[in-house]
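Asker: Here it is, the structure, as structure tokens.
There are 2 protein chains.
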Amino acid sequence: MGVTIKDVAKAAGVSTATVSRVLNNSNLITPQTTEKVRNAMRELGYFPNNIARSFANQNTYIIALVVDIEEPTAFNNPYFYQIQYGIEKYICPKGYYLMIVNENTLNHNGTAFSKLFFEKRVDGLILPVSLLHKNLVKKMEEQKFPFVIIGEPENSYDTNWIDINNKMAGEISTTHLIENQYKRIAFVSGSRKDLFNKNRLDGYLTALAKHGFQPNPDLIKEGGFSKEDGYSIMNEFFKQNNPPDGIVFTDNLVAFGALSAIKEHGIKIPDDIGLVSFDNFPVAELSDPQITTVDIDLLDLGIQAASMLLKEIQLPSTTKQQSLLSVRLIKRGTSKRSQR
Amino acid sequence: MGVTIKDVAKAAGVSTATVSRVLNNSNLITPQTTEKVRNAMRELGYFPNNIARSFANQNTYIIALVVDIEEPTAFNNPYFYQIQYGIEKYICPKGYYLMIVNENTLNHNGTAFSKLFFEKRVDGLILPVSLLHKNLVKKMEEQKFPFVIIGEPENSYDTNWIDINNKMAGEISTTHLIENQYKRIAFVSGSRKDLFNKNRLDGYLTALAKHGFQPNPDLIKEGGFSKEDGYSIMNEFFKQNNPPDGIVFTDNLVAFGALSAIKEHGIKIPDDIGLVSFDNFPVAELSDPQITTVDIDLLDLGIQAASMLLKEIQLPSTTKQQSLLSVRLIKRGTSKRSQR
DNA sequence: ACTTTTTATGCAACCGGTTACATTAATCTA
DNA sequence: TAGATTAATGTAACCGGTTGCATAAAAAGT
Chain X
1 MGVTIKDVAK AAGVSTATVS RVLNNSNLIT PQTTEKVRNA MRELGYFPNN
51 IARSFANQNT YIIALVVDIE EPTAFNNPYF YQIQYGIEKY ICPKGYYLMI
101 VNENTLNHNG TAFSKLFFEK RVDGLILPVS LLHKNLVKKM EEQKFPFVII
151 GEPENSYDTN WIDINNKMAG EISTTHLIEN QYKRIAFVSG SRKDLFNKNR
201 LDGYLTALAK HGFQPNPDLI KEGGFSKEDG YSIMNEFFKQ NNPPDGIVFT
251 DNLVAFGALS AIKEHGIKIP DDIGLVSFDN FPVAELSDPQ ITTVDIDLLD
301 LGIQAASMLL KEIQLPSTTK QQSLLSVRLI KRGTSKRSQR
Chain Y
1 MGVTIKDVAK AAGVSTATVS RVLNNSNLIT PQTTEKVRNA MRELGYFPNN
51 IARSFANQNT YIIALVVDIE EPTAFNNPYF YQIQYGIEKY ICPKGYYLMI
101 VNENTLNHNG TAFSKLFFEK RVDGLILPVS LLHKNLVKKM EEQKFPFVII
151 GEPENSYDTN WIDINNKMAG EISTTHLIEN QYKRIAFVSG SRKDLFNKNR
201 LDGYLTALAK HGFQPNPDLI KEGGFSKEDG YSIMNEFFKQ NNPPDGIVFT
251 DNLVAFGALS AIKEHGIKIP DDIGLVSFDN FPVAELSDPQ ITTVDIDLLD
301 LGIQAASMLL KEIQLPSTTK QQSLLSVRLI KRGTSKRSQR
């Protein structure tokens with residue numbers, strides 16, 4: 001039905017091997033022959049059948065990004081979207097394509113995505129640390145199957161991984177508040193079962209220590225993802241007899257909710273209280289005042305992850321790559337104290 | 001290196017054909033034989049090589065979603081992200097995988113994605129109407145290659161397509177303002193070169209006509225995507241000697257910017273002016289007051305598009321499928337007048 | 001001019017499944 | 001129970017490229 005390499009070979013008066021070599025820019029072929037073959041291809045409207053190509057050399061030129069997003073929260077959080085965009089941007093000019101798999105739509109045992117590996121559907125995987133499973137990792141390493149983890153894994157894993165520098169993020173945001181003369185600085189994060197939240201807290205504590213502040217357990221809270229959570233956490237703080245005058249939030253939406261609570265109490269931002277948040281998602285610019293945030297460059301994270309993976313695919317190595325990306329603070333209205 | 005069908009055949013004492021039939025759940029095979037083969041597979045840790053499978057039957061079980069997102073705007077707009085999520089959700093349980101291609105990272109002639117089709121890398125395509133090109137469409141139709149367009153194309157195209165009902169969206173949003181006793185209702189949309197904006201305007205005009213309102217050219221504006229655009233457009237309205245008291249925006253962010261301008265003028269929302277926007281993106285809930293929006297169900301759009309495509313892949317038909325999805329209004333703070 | 005080396009091309013096996021067709025085993029019919 | 005029909009399995013060609021090895025052609029060496 002389609003035009004095959006045989007048709008081209010016949011039309012150009014050469015063998016299929018020669019046509020194949022032209023396709024692959026082998027440097028064995030004479031310019032004249034190349035020319036002949038190219039012409040034949042053009043005349044016949046030939047395109048190489050990619051499935052056959054993959055079959056012959058046992059690779060697909062596809063890599064997959066595995067995500068685990070839940071429906072309700074999916075669209076508030078552009079996390080994977082930005083990473084995805086970065087990956088695509090990097091691999092596409094190199095002739096690779098990106099496949100997206102959401103583990104949650106497969107809903108088996110949390111390793112359904114591993115079919116991609118077992119069935120050789122892709123040449124490599126990028127997956128979030130939350131989907132790491134000991135057995136699967138062992139199998140992939142045995143077969144030298146390339147994969148890169150997004151997020152720092154527990155140190156029992158020696159794999160390729162990449163993450164933003166969460167400790168640094170915790171430290172610079174806290175330091176920023178300290179430098180703006182806030183004195184009682186609180187820290188509100190997601191679950192500290194997650195290593196990245198532990199690291200963020202670590203950064204917060206480091207900053208306090210460096211400036212001679214004592215950490216105060218009352219000012220360290222855990223849990224919360226939503227605007228509503230932020231609202232109620234803030235109100236809990238207000239019930240304390242000595243509430244914080246500065247808060248580091250590790251989530252934009254939580255900060256957004258806290259903002260409402262603060263306004264309701266008639267407390268001035270940033271004069272009476274300073275706020276810093278993480279993840280410079282678009283919402284951070286929409287509040288009034290705009291939220292000071294740690295900007296994590298997820299586009300770059302995607303690019304770096306992809307680069308790491310392609311390196312592994314193209315020249316497999318036994319030493320694993322690891323990378324921590326710097327973050328920077330974007331100073332906005334919630335932390336710029338007029339004076340004091 | 002890997003375990004192949006031959007190994008399984010030998011271990012089970014049957015032919016490769018039988019193993020293949022077991023793999024494909026052919027109903028020719030005896031339960032006993034099936035059992036034998038399954039056991040052999042299990043013992044050997046066999047997984048079918050998917051590349052070989054694809055090669056044998058010339059399909060990939062992959063479909064691609066082609067997008068065209070520009071970097072700066074990419075993350076404000078979860079448009080494709082939600083659609084993508086819907087597609088993935090639909091196709092995954094049916095054994096298909098999703099590939100994502102961003103035309104803008106390929107940056108050739110706007111049809112770089114067509115390689116996917118020519119090289120048979122995927123079984124079908126879902127692409128936005130903005131990427132439609134006459135010649136390419138002709139070629140794809142000649143070869144009966146399945147594809148679905150997101151967005152209503154100009155009527156010179158007879159293809160499978162799906163869109164939200166933009167006229168309905170324009171009409172219900174306008175009607176809602178009319179019913180809330182707003183009298184001078186403006187309409188602010190993106191470029192009217194795009195059919196969907198024409199349709200939205202059409203809906204607006206229809207609603208006005210149904211309620212005996214005369215359209216007023218001063219109240220119909222075009223252009224703008226950002227918060228800043230919304231801010232300046234709103235200020236232009238305020239310069240008019242008879243500004244609107246109700247506005248339909250076709251973009252969340254534009255409405256967000258307009259909101260700031262309105263507040264600065266000390267005008268009360270929703271008592272003095274009512275706002276409705278399109279696209280119920282997460283930001284709509286973050287403003288104060290929250291923005292009344294037309295909710296377009298992009299998750300469903302993705303699901304429907306995928307369903308359309310798989311239908312086309314599984315049983316090709318000559319009659320094209322078209323679908324307009326209903327929209328609904330989510331009433332929030334910017335349009336709930338206390339009384340009048 | 002004749003061997004030796006290098007370069008360009010062809011031959012054919014191979015990648016791992018699928019499936020049309022052939023063959024054998026099982027079941028049915030009279 | 002032989003003969004016809006149906007069900008289960010096997011044989012081998014095929015999908016469309018790639019590539020090791022053989023060979024032919026060209027270039028270099030003596």
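In the order they appear, the protein sequences are chains X and Y. Taking my numbering, the leading residue of the first sequence gets 1, the next gets one more, and so forth. Taking my numbering, the leading residue of the second sequence gets 1, the next gets one more, and so forth. Using N, Cα and C, we set each Cβ at its ideal position, and we do this for glycine too. Note that this is a predicted model, so its numbers are computed, not measured.
(1) Among the candidates Y/LEU301, Y/VAL129, Y/GLY257 and Y/SER307, whose CA atom is the shortest distance from the CA of X/LEU286?
(2) From Y/SER130, Y/VAL67, Y/ASN155 and Y/LYS115, pick the residue whose C-alpha is nearest to that of Y/LYS139; which is it?
(3) Ends of the alpha helix (DSSP H) at X/GLU236?
(4) Name the DSSP bridge partner or partners of Y/GLN322?
(5) Which residues in chain Y sit within 7 Å of X/THR60, going by Cβ to Cβ distance?
(6) Find the nearest neighbour of Y/GLN240 within the set Y/ASN216, Y/LEU44 and Y/GLU228, judged by alpha-carbon distance.
(7) Determine the DSSP secondary structure at X/ARG53, reduced to helix, strand or coil.
(8) Could you give the distance in angstroms between the alpha-carbon of Y/ASN252 and the alpha-carbon of X/PHE213?
(9) Check each residue of the stretch 9 to 20 of chain X: if its Cβ is closer than 9 Å to any Cβ of chain Y, include it; give the result in chain order.
(10) Taking contact to mean 3 or more Cβ pairs, one atom from each stretch, closer than 8 Å, check whether the stretch 234 to 249 of chain X and the stretch 176 to 190 of chain X are in contact.
(11) Closer than 8 Å between beta carbons: that is the criterion. Which residues of the stretch 120 to 137 of chain X meet it against chain Y?
(12) Buried or exposed for X/LYS36, please, with buried defined as at least 16 other CB atoms from any protein chain shown within 10 angstroms of its CB.
(13) Flag this pair as yes or no: are the beta carbons of Y/ILE172 and Y/ALA306 separated by less than 8 Å?
(14) Which chain X residues sit within Cβ distance under 8 Å of Y/GLU88?
(15) Hey, does X/GLN84 have any beta-carbon neighbour from chain Y nearer than 8 Å?
(16) Taking the continuous beta strand (DSSP E) assigned at Y/SER277, which residues delimit it?
(17) What first and last residue would you give for the alpha helix (DSSP H) that runs through Y/PRO316?
(18) Relative to the alpha-carbon of X/VAL122, which residue among X/PHE47, X/SER130, X/GLY302 and X/PHE145 has its alpha-carbon at the smallest distance?
(19) Please classify X/PRO93 as buried or exposed, where buried requires at least 16 neighbouring CB atoms within 10 angstroms.
(20) Assuming the contact rule is C-beta atoms closer than 8 Å, Y/MET168 and Y/SER326 should be a hit. Round their C-beta distance to whole Å, please.
(21) What first and last residue would you give for the beta strand (DSSP E) that runs through X/ASP7?
(22) Could you give the first and the last residue of the continuous alpha helix (DSSP H) run that contains X/THR206?
(23) From the beta carbon of X/PRO316, is the nearest beta carbon of chain Y less than 8 Å away?
(24) Can you round the beta-carbon distance between Y/ALA12 and Y/ALA40 to whole angstroms, since I take them to be within the 8 Å contact cut?
(25) Whole angstroms are fine: how far does the CA of X/GLY110 sit from the CA of Y/PRO153?
(26) Count the other CB atoms, across all protein chains shown, that sit within 10 Å of the CB of X/LEU132; report buried if there are 16 or more and exposed otherwise.
(27) Which residues in chain Y have a C-beta closer than 9 Å to the C-beta of X/VAL283? List them in chain order.
(28) Starting from the C-beta of Y/LEU208, find all residues in its chain whose C-beta is less than 6 Å away, skip the five residues before and the five after it, and write them out in chain order.
(29) Is any beta-carbon of chain X found at less than 8 Å from that of Y/TYR342?
(30) Let me see if you follow: with CB-CB separation under 8 Å, is Y/PHE113 close to chain X or not?
(31) What residue range is occupied by the uninterrupted alpha helix (DSSP H) comprising Y/THR33?
(32) Comparing alpha-carbon positions, which option in X/HIS176, X/LEU309 and X/GLU228 lies nearest X/HIS211?
(33) In three-state terms, what does DSSP make of X/ASP295?
(34) Assign X/ARG337 to one of two classes, buried (16 or more other C-beta atoms within 10 Å of its C-beta) or exposed (fewer than that).
(35) Leaving out five residues on either side along the sequence, give the residues of the same chain with a beta carbon under 6 Å from the beta carbon of Y/ARG340.
(36) Report the CB separation of Y/PRO62 from Y/GLN84 in whole angstroms; it is logged as a contact under 8 Å.
Answerer: With the given structure in hand:
(1) Nearest C-alpha to X/LEU286 among Y/LEU301, Y/VAL129, Y/GLY257 and Y/SER307: Y/GLY257.
(2) Checking every option, the nearest Cα to that of Y/LYS139 belongs to Y/LYS115.
(3) Here the alpha helix (DSSP H) through X/GLU236 covers 227 to 239.
(4) Per DSSP, the beta bridge partners of Y/GLN322 are Y/TRP161.
(5) Those are ILE51, listed as they occur along chain Y.
(6) The shortest C-alpha to C-alpha distance from Y/GLN240 to any of Y/ASN216, Y/LEU44 and Y/GLU228 is the one to Y/ASN216.
(7) In the structure shown, X/ARG53 adopts helical secondary structure according to DSSP, grouped into three states.
(8) Answer to the nearest angstrom: the Cα atoms are 43 Å apart.
(9) Result list empty, no residue passes.
(10) The stretch 234 to 249 of chain X is in contact with the stretch 176 to 190 of chain X.
(11) For the stretch 120 to 137 of chain X, the beta-carbon criterion of a distance under 8 Å to any beta-carbon of chain Y is satisfied by LYS120 and ARG121.
(12) Under this definition X/LYS36 is a buried residue.
(13) Using a Cβ distance threshold of 8 Å, Y/ILE172 and Y/ALA306 do not count as a contacting pair.
(14) Correct list: ILE100, VAL101, ASN102 and THR105.
(15) Closer than 8 Å to some Cβ of chain Y, the Cβ of X/GLN84 qualifies, so yes.
(16) That run of the beta strand (DSSP E) goes 274 to 277.
(17) From DSSP, Y/PRO316 is part of no alpha helix (DSSP H); its letter is neither H nor E.
(18) Sorting X/PHE47, X/SER130, X/GLY302 and X/PHE145 by C-alpha distance to the C-alpha of X/VAL122 places X/PHE145 at the top.
(19) The residue in question, X/PRO93, is exposed, as its Cβ has fewer than 16 Cβ neighbours within 10 Å.
(20) Rounded, the Cβ-Cβ distance is 7 Å, consistent with contact.
(21) Per DSSP, X/ASP7 belongs to no beta strand (DSSP E); it is in the alpha helix (DSSP H), 5 to 12.
(22) That run of the alpha helix (DSSP H) goes 195 to 210.
(23) For X/PRO316, the answer is no, since every Cβ of chain Y falls outside 8 Å of its Cβ.
(24) Y/ALA12 to Y/ALA40, Cβ: 4 Å. Contact.
(25) Answer to the nearest angstrom: the Cα atoms are 40 Å apart.
(26) Buried, since its Cβ has 16 or more Cβ neighbours within 10 Å.
(27) Result: PRO282, VAL283 and LEU286.
(28) Within its own chain, the residues whose Cβ lies closer than 6 Å to the Cβ of Y/LEU208, once the five positions on either side in sequence are excluded, are PRO215, listed in chain order.
(29) In this structure chain Y extends from 1 to 340, so residue 342 of chain Y is not present and cannot be described.
(30) Nearest CB-CB separation between Y/PHE113 and chain X: not below the 8 Å threshold.
(31) Per DSSP, the unbroken alpha helix (DSSP H) holding Y/THR33 starts and ends at 31 to 44.
(32) Measuring from the Cα of X/HIS211, the nearest candidate turns out to be X/HIS176.
(33) Reduced to three states, the DSSP call for X/ASP295 is strand.
(34) With 16 or more other Cβ atoms within 10 Å, it is buried.
(35) Confidence at Y/ARG340 is low in this model, with a pLDDT of 46, below 50, so the placement of that residue is unreliable and no value is reported for it.
(36) With the sequence shown as reference, residue 62 of chain Y is identified as Ile, and Pro is not the correct amino acid for it. Contact between Y/ILE62 and Y/GLN84 is ruled out by a C-beta separation of about 14 Å, above the 8 Å threshold.
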